[in-house]
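Following: one structure in structure tokens, then a few remarks.
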Amino acid sequence: MPPIGGMLPGPVPPGRLGAVASGNDGTSGEPRGTPRADAAADRCHDLVHLSPVGILVSRDGRIELANRAAVELFGATSETELVGRSPYELFHPDYHDLIRDRTSRLLAGDRYAPHMEQRIVGRDGRVRVADVSASAFDDADGRAIQIVLVDVTDRVRAEEALRRFELITSEIRDVVLLVRRDDGRVMEANAAALRAYGYTRDELLALRIGELRAPETLPLTDGQMAAADAGGILFETVHRRRDGSTFPVEVSSRGALVDGVRMLVSVVRDISDRQQAEDALRRSQGELQATIEGLAEGLITSTADGQLLHWNRAALEMHGFSSVDELRRRLPEFQQIYTLSTLDGRELTLDEWPLSRLLRGEPVRNHELVLRRKADGWARVFSYGGTLVRSSGGRPMAIVTVTDVTERRRAVAQLAAERDRLAVTLRSIGDAVVATDAASRITEFNGVAEALTGWSAADAVGQPVHDVFRILHEETGEPAPSPIDRALREGVVVGLANHTALVTRGGTLLPIADSAAPIRGADGRITGVVLVFRDQTEERAAAQALRASEARLKLLAEALPQLVWTADAQGKLDYFNRRWREYTGQLPGEEDWEPALHPDDRDRVGALWRAALAGHGEFEVEHRLRGTAGEFRWFLRRAYPLRDPEGGVQRWFGTCTDIHDLKVSHEALRRTDRLKEDFLSIASHEFRTPLTALRLQTDLLRDGLRKTFGPHERTERQIAVLDRQIARLDRLVAVLLDVSRISEGKLRLELAETDLAEVVREVVDRLSPEALQAGSEVRVSVAPVVGLWDRARLDQVVTNLLSNALKYGQGRPVDVSVEARDGRAALVVQDRGIGIPLESHAWIFERFQRAANARPVKGLGLGLWIARTMVQAHGGEIRVESAPGEGATFTVSLPRNAAARPLG
Ligand code: ADP
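Throughout, this note's numbering is defined as the position within the sequence shown, counted from one, plus 504.
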């Protein structure tokens, strides 16, 4: 490799060098000292000394000659500083081995040592780099070495700088672009640029800067380039990749003159991440802000000295401020507007306010206070909390949280009231109530529970419920399964269990009915059980009594002479008494209606029974049943439904009463009645003819006697008796005729305007002889009442009532009155005679019926029946008020117009 000579002893005289410089091989043979030669040597000397290239001549290991450029290169001030020195002193020790090697080669015969760069440490301490070459030459003094040095320090530095730049630009993450100022052409780009934009190097170097920018940023390009060129610029923009996607960048750009061309050196940093981070930060700050603003809790921040920094929306609203501005305006008067007091009403001094306490370093947690507006008494309960923190800037600050707990407080109060009410209810309800927690420990124990178990609530509460509520199966005496366990385990309501006995604290057994229901918390979990039980002693006694009475009833039913049966709600026959079996001959377990019923009655009875079942009504029917001997007898079958409290039929109770004999005698009676009617009808008609003849003959007899004998008092009296008896007979026959007409349905009314008062006066008049005979005064009080009636029939009604009053009136006064009452005519006949027993009231209006106390007085028992029939034919009513010995009052009420109503 490199050059430079060996150890050349002694300095080289300047004259010698001329030959070196000119001839370079020293073979010119030109003699020294000649004028031409001297001139040439001088020129050569000047040339060497003025050459910008450093030249050293070394001989025998010493510098013999150093030109000016070499002197400068080695940081010396004159040639003398170098001449005589060893070349090793001039070169950097790193190169000494090389120099030694090159020198020995040149001395050994090599003519030339090629270029090499060497570092030189100058006398002035500066390090420089020189391109060194060497050659050997021989002259009269022997072999010397000539060293040529070109200062390449600047170039090497530039190259190094470039390499460093390349290294940096290729390794760094940032994009480095060199862009031509005038047209924006990309002149150079580092590896990061290729990665960032996705172009190959060649592609990239064919682009203009505009093609690397997002279209929307292009309008700014010119201005930014100008600013970069003018003095440098740092700006953010958006660049575009080869695939069209864009990314945000921060560009630092500066103008520079490179090879005489204005360039812009731009360092481009992808700030997607940063921007994302910034966006995220902004977002999260926004979210935080929104969260704070959206909190239902009030949040108030203040500086350590109590300067309020921020109130969130909830805090503003809770304190009755509509905006931060209003808060600012009115905060100083806050204390004038509001008071803060404890829940029991003590007003706080400013010192005691939560913020004041917080700023003093006292903890504030769940501090419930009442904020009250002085003006109108508006008040809320707030729960204050707070903490002292350091802001991100390191400033201490206080955060006060405010929660509106008014509703919660109210709910708590309500709950307490509810609890009280519940407790009162528990104490007052008739059932024993025991509540437990999830671990089956008693939490509530009411008074009835105390009474039934014998435990006091004080003792029982807190105890495991099974220690207090011990139950046995009443019949077996075995421990009964606890409804509490099942309710807890399965979460179901466990209903009343039968035959359970409670073992009281005193050890006695008490029949109870119990039930248990799980208590569930708001989350649906079972938090306990409510057990309800009650003393069943009475109910069981009642059930016992019921069973006993059922047994008695059955006994009774067995003893009854009637045939007794029962059926369920659906009509299924489930019981027949002994009599039934005796009569029908059916065996126990085989009893049934069907086989015993007369075939002609089956359909009728079946239909009626089905109707009774469907309509749940009573059931009554007459039918025949076959006895053991095969004979049929008539029975009255009755059934009554036993109803539950809601009115539904539970059971049917039925009897069959033997009415055979009754029915048969009724039949006979009806036949007799019919015969009587037939007889009456015939008799009344048959009586009429001889009666008419009798009356006629009496009249003729009277007239004949008068003519023949003149007036004769005794005879006249006798004939008068005859007349009266005929009239009486006539009336009797008329009655009989009416009866038969009515019975045959032949009664016809002949309606005409009739004054009832007039009818009454006529009848009273007519019956005056009877009244006289009876000794009763007839007092008449009538007002005209006109109606559309059958006069003769009304006459009959009045006659019958009045003659009864005279007959049974015991000679006491009789009152007859007529008046208009409620648009109808009212006729009242009142006597003061024997009266009528109450039990007879119902049937004295029937045919041939007479009260027992009327026996001594003769009568047919038809008068009232006819009267009622006539009154009813007019659409009226008749009724009696009477008691034995107190007389009787008959009242007839008639509508004014009998025609309005059909005849009955
Ligand atoms: P009788 O011909 O028996 O009077 P009525 O039909 O007129 O028949 O009366 C029926 C029965 O009513 C009488 O037998 C008598 O028992 C009772 N009765 C009717 N009117 C009176 C009265 N004014 N006072 C007492 N009993 C009377």
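We treat Cβ as the ideally placed atom computed from N, Cα and C, and that holds for glycine. Here the structure is a predicted model, which means the values were calculated and not measured.
Give a yes or no on whether the C-beta atoms belonging to residue i and residue j are separated by under 9 Å.
i            : j            : result
residue 578  : residue 568  : no
residue 565  : residue 652  : no
residue 710  : residue 679  : no
residue 640  : residue 610  : yes
residue 688  : residue 725  : yes
residue 983  : residue 976  : yes
residue 1129 : residue 1079 : no
residue 702  : residue 632  : no
residue 1205 : residue 1240 : no
residue 1263 : residue 1181 : no
residue 765  : residue 684  : yes
residue 646  : residue 547  : no
residue 1351 : residue 1369 : yes
residue 1020 : residue 968  : no
residue 1363 : residue 1372 : no
residue 1014 : residue 1041 : yes
Could you give the residue range of the alpha helix (DSSP H) that holds residue i?
i            : result
residue 1186 : 1164 to 1213
residue 815  : No alpha helix (DSSP H) contains residue 815, which is instead part of the beta strand (DSSP E) from 812 to 815.
residue 1445 : The structure shown does not extend to residue 1445, since the chain is modelled only from 505 through 1408, so no value can be given for it.
residue 858  : 858 to 863
residue 790  : 776 to 798
residue 1409 : Only positions 505 to 1408 of the chain appear in this structure, which leaves residue 1409 out of reach.
residue 1304 : 1295 to 1312
residue 933  : Residue 933 -> no alpha helix (DSSP H), and no H or E assigned at all.
residue 969  : 969 to 972
Measuring alpha carbon to alpha carbon, tell me which of the options ends up nearest residue i.
i            : options               : result
residue 1098 : 1109, 1091, 1092      : 1109
residue 1038 : 981, 1030, 953        : 953
residue 871  : 881, 883, 882, 856    : 856
residue 1281 : 923, 1306, 822        : 1306
residue 1237 : 1224, 1366, 1173      : 1366
residue 899  : 1046, 1201, 809       : 809
residue 1409 : 1358, 1373, 1322, 624 : In the structure as shown, the chain begins at 505 and stops at 1408. Residue 1409 is therefore absent and cannot be evaluated.
residue 1289 : 1302, 1328, 1317      : 1328
residue 561  : 600, 848, 648         : 648
residue 754  : 769, 762, 774, 1191   : 774
residue 1319 : 1309, 803, 784        : 1309
residue 629  : 615, 581, 819         : 581
residue 617  : 635, 1198, 1348, 1193 : 635
residue 1101 : 1126, 805, 1115, 1116 : 1126
residue 676  : 1124, 696, 1171, 997  : 696
residue 707  : 919, 717, 690         : 690
For the beta strand (DSSP E) that residue i lies in, which residues bound it at each end?
i            : result
residue 622  : 616 to 625
residue 744  : 737 to 744
residue 838  : Unbroken run through residue 838 is the alpha helix (DSSP H), 838 to 841; no beta strand (DSSP E).
residue 887  : 883 to 894
residue 559  : 558 to 563
residue 600  : Careful: residue 600 lies outside any beta strand (DSSP E), inside the alpha helix (DSSP H) at 600 to 612.
residue 1334 : 1328 to 1334
residue 1032 : 1030 to 1039
residue 758  : 750 to 762
residue 1079 : 1077 to 1080
residue 1022 : 1013 to 1024
residue 1272 : First-last for residue 1272: 1272 to 1278, but that is the alpha helix (DSSP H), not the beta strand (DSSP E).
* Asked: Is the stretch 945 to 959 in contact with the stretch 857 to 864, if contact means three or more CB pairs nearer than 8 Å?
  -> The stretch 945 to 959 is not in contact with the stretch 857 to 864.
* Asked: Using 8 Å as the Cβ pair cut-off and three pairs as the minimum, do the stretch 902 to 910 and the stretch 886 to 893 touch?
  -> With a cut-off of 8 Å, the stretch 886 to 893 and the stretch 902 to 910 count as touching, because enough Cβ pairs lie within range.
* Asked: Would you call the stretch 1305 to 1322 and the stretch 1332 to 1347 in contact, with 3 or more CB pairs under 8 Å?
  -> Remark: three or more beta-carbon pairs, one from each stretch, lie closer than 8 Å, so the stretch 1305 to 1322 and the stretch 1332 to 1347 are flagged as touching.
* **Contact between the stretch 1376 to 1391 and the stretch 1337 to 1348 (3+ Cβ pairs under 8 Å)** => The stretch 1376 to 1391, when compared against the stretch 1337 to 1348, does touch it at the 8 Å Cβ threshold.
* Asked: Are at least three pairs of beta-carbons, each pair with one atom in the stretch 626 to 646 and one in the stretch 733 to 743, less than 8 Å apart?
  -> Contact between the stretch 626 to 646 and the stretch 733 to 743 is absent, because fewer than three Cβ pairs lie under 8 Å.
* Report yes or no: do three or more beta-carbon pairs, one from the stretch 1043 to 1053 and one from the stretch 1132 to 1140, lie closer than 8 Å? => Counting Cβ pairs under 8 Å, fewer than three are found: no touch.
* Asked: Okay, do the stretch 1061 to 1081 and the stretch 1154 to 1161 touch, 3+ Cβ pairs below 8 Å being the bar?
  -> Because the criterion of three Cβ pairs below 8 Å is met, the stretch 1061 to 1081 and the stretch 1154 to 1161 touch.
* Report yes or no: do the stretch 1252 to 1266 and the stretch 1288 to 1308 share at least 3 C-beta pairs separated by less than 8 Å? => With the cut-off at 8 Å, the stretch 1252 to 1266 and the stretch 1288 to 1308 touch.
* To do: Answer yes if the stretch 1022 to 1033 comes into contact with the stretch 1003 to 1013, meaning at least three C-beta pairs across the two stretches below 8 Å, and no otherwise.
  => With the cut-off at 8 Å, the stretch 1003 to 1013 and the stretch 1022 to 1033 do not touch.
* Asked: Touch check for the stretch 1207 to 1216 and the stretch 1266 to 1277: three-plus C-beta pairs under 8 Å?
  -> Counting Cβ pairs under 8 Å, fewer than three are found: no touch.
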